[in-house]
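Beneath this line is the structure, given in structure tokens, with notes to follow.
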Amino acid sequence: MLTITDQKVSRTKNEVAELKYRHQQLQEEFNKLSAELNSTLTPKQVMDQHIKRLKEYNELRDAGLRLTQLISDEKSCKVKDVFEEMGYSMSDD
Amino acid sequence: MDDTTIINSSPVSDQKGKNSMEICSPTKTPVESVSKYKTAGKHLVQKSRETLEDHKLNTQTRLLYNELSKQKNLYKKHIDNLAQAIKIIKAGEKESRVLELIEKWRGVAQAGMSFMLNSAMLKITKLGGYEELLKKELEAERRKLDYQINDNLQDDMEQVFESEEFLALPEEMQQEYRDQMNEQLREVQNRKDKEIAKLEAKMKESAGQEMTMQELSRRIKMDYMLIFPE
Chain A
1 MLTITDQKVS RTKNEVAELK YRHQQLQEEF NKLSAELNST LTPKQVMDQH
51 IKRLKEYNEL RDAGLRLTQL ISDEKSCKVK DVFEEMGYSM SDD
Chain B
1001 MDDTTIINSS PVSDQKGKNS MEICSPTKTP VESVSKYKTA GKHLVQKSRE
1051 TLEDHKLNTQ TRLLYNELSK QKNLYKKHID NLAQAIKIIK AGEKESRVLE
1101 LIEKWRGVAQ AGMSFMLNSA MLKITKLGGY EELLKKELEA ERRKLDYQIN
1151 DNLQDDMEQV FESEEFLALP EEMQQEYRDQ MNEQLREVQN RKDKEIAKLE
1201 AKMKESAGQE MTMQELSRRI KMDYMLIFPE
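Sequences listed follow chains A and B, in order.
With the working numbering, letter number 37 in the first sequence gets 37, and the count goes up by one each step, no holes.
Position in the second sequence (from 1) plus 1000 gives the number in the working numbering.
Structure (structure tokens):
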């Protein structure tokens, strides 16, 4: 069994205190930003929502590109032409 | 061997009895020897007590350290979540852009699906209608099942029945195998009938109907709910 020295315990206590302080600071900043935006979401919910949106964007982009490819095959034209006909740009810039 | 061994059975040696002399020296009385043991025992007890206390202290320190480590990890996790959430909120414009792009690509996908549906309906009309298409699909599926299930198994059976190993078996065993394989064939036939019944039921359900966007999505493997959310 490894022995844990008092020095190690003391160092960890200091680390916890520092982390606690940093956590408080960030929590205050998050609360302030949420209040400005009238948001009631928790940090975890903000992250989940962001990831969900990115996923939705990726999936819709894949679906859109696949469908335009099918149409261009059927019409024997370029994918770019299909986009133009639909009134959309191919790139997201 | 020492002096407690049977007389004359110990090997002859110049050192005979030396060991016993060491343990119970003739210069010390038996009382002195006992006292020596008592002192040694006391030391041992004291030492084991110290070890026990050390062990207790170590365990307590370890528990404290483990608890602190848990707290540290929890704070780290919360800090990470907070930092990321703050970053996302601060980059508000980026988030709005993602929403814009979602709308854009949903628009593209919806327009694409509309085009594909129109195109499919035109082709279906040329074929004689949606019901006719389903009938043709049903026939094709029936042929596929016939080919996959019956033919393969019947070929296998014929091969087995014509093999030398099978013909070398006694008549009773041959009959047993024949019965087993016929049973398998019946099971396969039942399965095929069920599949076809399913297809026929689907065809009846679709009678008088037209191809829908949901049906098309399923056929071209598109997520309908993603493109047309309620």
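Beta carbons: idealized from backbone N, C-alpha and C, even for Gly.
Range covered by the alpha helix (DSSP H) that runs through B:Thr-1121: The amino acid occupying residue 1121 of chain B in the given sequence is Met; Thr does not appear at that position. Segment 1092–1127, the alpha helix (DSSP H) holding B:Met-1121.
Exposed unless 16 or more other CB atoms sit within 10 angstroms - verdict on B:Arg-1219: exposed
Distance between A:Ile-71 and B:Met-1116 (C-alpha atoms, nearest Å): 7 Å
Contacting residues, own chain, Cβ-Cβ under 6 Å from B:Ser-1206 (five flanking each side not counted): Leu-1134
Test: B:Ala-1120 CB closer than 8 Å to a CB of chain A: no
CA nearest to the CA of A:Thr-42, picked from B:Ala-1083, B:Glu-1200, B:Val-1188 and B:Leu-1185: B:Ala-1083
Within chain B, partners of A:Asp-92 - CB distance below 7 Å: Leu-1101
Pair within 8 Å by beta-carbon distance, B:Ala-1109 and A:Met-86: no
Among B:Ile-1086, B:Glu-1187 and B:Tyr-1130, the one whose alpha carbon lies nearest that of B:Met-1203: B:Tyr-1130
A:Thr-40 at chain B interface by Cβ criterion, 8 Å: no
Short CB-CB distance (under 8 Å) between A:Asp-27 and chain B: Just to set this straight, residue 27 of chain A is Gln in the shown sequence, not Asp. Closer than 8 Å to some Cβ of chain B, the Cβ of A:Gln-27 qualifies, so yes.
Coil, strand or helix - B:Ile-1196 by DSSP: helix
Distance between B:Glu-1141 and A:Val-82 (C-alpha atoms, nearest Å): 34 Å
Contact list for A:Val-16 against chain B, beta-carbon separation under 8 Å: Leu-1068, Gln-1071, Lys-1072 and Tyr-1075
Residue-chain proximity (B:Val-1160, chain A), Cβ-Cβ < 8 Å: no
Cut-off 6 Å between Cβ atoms - residues of its own chain near B:Met-1021, not counting five sequence neighbours on either side: Unreliable positioning characterises B:Met-1021 in this predicted model, as indicated by a pLDDT of 40, which lies under 50. The coordinate reading is nonetheless provided below. Taken in chain order, the list of residues that qualify is empty.
Cβ shell of B:Gly-1041 (< 7 Å), same chain only, five flanking positions each side left out: none
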